[in-house]
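Okay, so here's the structure we're looking at.
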Amino acid sequence: MDVCYLSKVLQQSFESFDVWSEEAMAVWVPTAVYWVQCSLFEVIMMLEIPFIEKYRIYTEEERGRNKVSFGKVIVMVTLQHIIQIILGILLMKNMDIDAHQQHQKKIGQYTAIISNYLCPYSHKDNCVYISNTIAICIQSYIIPVIQFVVAMLFVDTYQYVLHRMAHTYTFVYKYMHSHHHRLYAPYAFGALYNHPLEALLLDTLGAAIAFELTGMSPRLGMCFFVFSTVKTVNDHCGYAFPWDPLSILFKNNVKYHSLHHQPHGIKTNYSQPFFTFWDTLLNTEYSQVMKAKAEEKARKHS
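Numbering of the sequence shown is given in my numbering, commencing with residue 11 and proceeding in unit increments.
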């Protein structure tokens, strides 16, 4: 793409950028949530409150083994967010149809379809009311839930494949993914510390493709991006709180992912950021790998 053309498109996009529109909020709100959430964890870590410290996973000595400075982490995360915002603006700019109008149009279509089945069996006025109520329920609740879950499954599949490839091919690991593993003891701000190319391919494009494939509205997209951000930060925060709802609801949590950052677990627990089913199905879950190694060792000594 011509650089001058891209620059012109970006300039026009920023000029017409209403920060409080649903499209704009889907771009900047997840980034804002990331910085607020990470800052809170950083403050908690600095305060060293005894009640909270007992839930910290890593000691200061272990965190000292990290091979990248906090300053560089901040710089690289900032770079990734700049790239995400630029691509997000370009993505949302292509959404020409007003989300509210599209929503109402879909409700009308579902109402017409449902009416065709209900009207022969009920009074016309009741038929229209019931059909419209069902249509609103479908378009406002059922479809968004399906879109959200499908997007989660897609992102998990997409990231599992790329993540496992990053650990399979030496070149990819050495020059890209090893950047993230410079964090032996991850912390919140390090959740998105990656090589810029990996950040683009793994995080930014994965979420963007999920958004496009599922046909999410900008509002639902914002919710999905925020949830993904909160979950990713939570998985790297370094604290395993027993009351944390994300750790309770998802097996793929801070303890699960922390094993992947250790030398003995680096070839396991590739699944991220939501579920663990790919690890389980493909025998890369930590306990499965350790059990297989123990059985292999036992066979050799028998």
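Virtual Cβ for every residue (Gly too), placed ideally from N, Cα, C. These numbers come from a predicted model, not from an experiment.
Measure the alpha-carbon distance for residue i versus residue j and round it to whole angstroms.
i	j	result
F285	V87	24 Å
Q119	L212	37 Å
G275	Q149	43 Å
C233	L101	16 Å
R73	N262	22 Å
I140	I123	12 Å
P283	T214	13 Å
A217	N126	38 Å
C147	G200	40 Å
L172	T239	18 Å
V287	E63	Here the sequence assigns Phe to residue 287, which means Val is not the residue at that position. Approximately 31 Å, taken between the alpha carbons.
H113	S31	16 Å
K5	V236	Lying outside 11 to 312, the shown extent of the chain, residue 5 is not represented and no answer is given.
G248	M175	25 Å
Q94	L128	47 Å
H205	L163	24 Å
V37	V165	18 Å
M142	T121	In the sequence under discussion, the amino acid at residue 142 is Asn, which differs from the Met named in the question. The alpha-carbon atoms of N142 and T121 are separated by roughly 5 Å.
A109	E33	9 Å
V160	H311	46 Å
A220	K307	42 Å
V182	E52	31 Å
D254	I96	33 Å
N76	L57	20 Å
T290	S188	24 Å
V138	T167	41 Å
In the structure shown, what three-state DSSP assignment does residue i receive?
i	result
Y280	coil
R66	strand
Y151	helix
Y249	strand
L193	coil
N244	helix
K3	No statement about residue 3 is possible, as the shown extent of the chain runs from 11 to 312 and does not include it.
Y203	coil
Q94	helix
E32	helix
V43	helix
V78	coil
Q272	coil
N293	coil
Y170	helix
By the 10 Å Cβ neighbour count, where 16 or more other Cβ atoms means buried, how is residue i classified, buried or exposed?
i	result
Y280	buried
L223	exposed
G81	exposed
R309	exposed
L202	buried
P40	buried
I92	exposed
N293	exposed
Y185	exposed
K301	exposed
S257	buried
A304	exposed
I59	exposed
Y151	exposed
K265	exposed
For residue i, decide whether its Cβ has a neighbour in chain B, counting only Cβ atoms nearer than 8 Å.
i	result
H91	Within the model displayed, chain B is absent; a lone protein chain is all it includes.
When you compare the segment 201-211 with the segment 224-232, are there three or more beta-carbon pairs, one atom per stretch, that lie closer than 8 Å? Result no; under three Cβ-Cβ pairs closer than 8 Å.
Hey, is the segment 265-274 in contact with the segment 191-206, meaning 3+ C-beta pairs nearer than 8 Å? Two segments are said to touch when three or more pairs of C-beta atoms, one from each, lie closer than 8 Å; by this definition the segment 265-274 touches the segment 191-206.
Meets three-Cβ-pair contact criterion under 8 Å: the segment 148-165 and the segment 42-51: Under the three-pair Cβ rule at 8 Å, the segment 148-165 does not count as touching the segment 42-51.
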